[in-house]
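Participant: For reference, the structure I am asking about is given below.
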Amino acid sequence: MEGLRWQPPGDGWLDALEVSVRARVEALREQAAWVAAELGGAELALEHVAITPATLALVAAGGRGGSRSKR
5 MEGLRWQPPG DGWLDALEVS VRARVEALRE QAAWVAAELG GAELALEHVA
55 ITPATLALVA AGGRGGSRSK R
């Protein structure tokens, strides 16, 4: 009988378990991608908040922060 393969008794539950575990892994990967994107946005916002006081201080000082080259 071509196309048929022998399966030990009870092998069906292993297949079902594999399908279930693969689905869980895929769902977790999707969640991880979402978390990574959210984290990236939050880190960028934090960087902007951290830079803002330094930028305001530089502007208040008339832009004389010493980081620009004078020509």
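Just so you know, our numbering puts the end of the sequence shown at 75, numbered straight through with nothing missing.
Idealized CB from N, CA, C, for every residue including glycine.
(1) Closer than 6 Å by C-beta to Asp-15: which residues in its own chain qualify, once you throw out the five before and the five after it? Chain order, please.
(2) Along the chain, where does the alpha helix (DSSP H) containing Gly-45 start, and where does it finish?
(3) At the level of alpha carbons, what is the spacing between Glu-47 and Ala-36?
(4) Measure the alpha-carbon distance for Leu-43 versus Ala-49 and round it to whole angstroms.
Facilitator: Let's see:
(1) none
(2) 15-64
(3) 16 Å
(4) 10 Å
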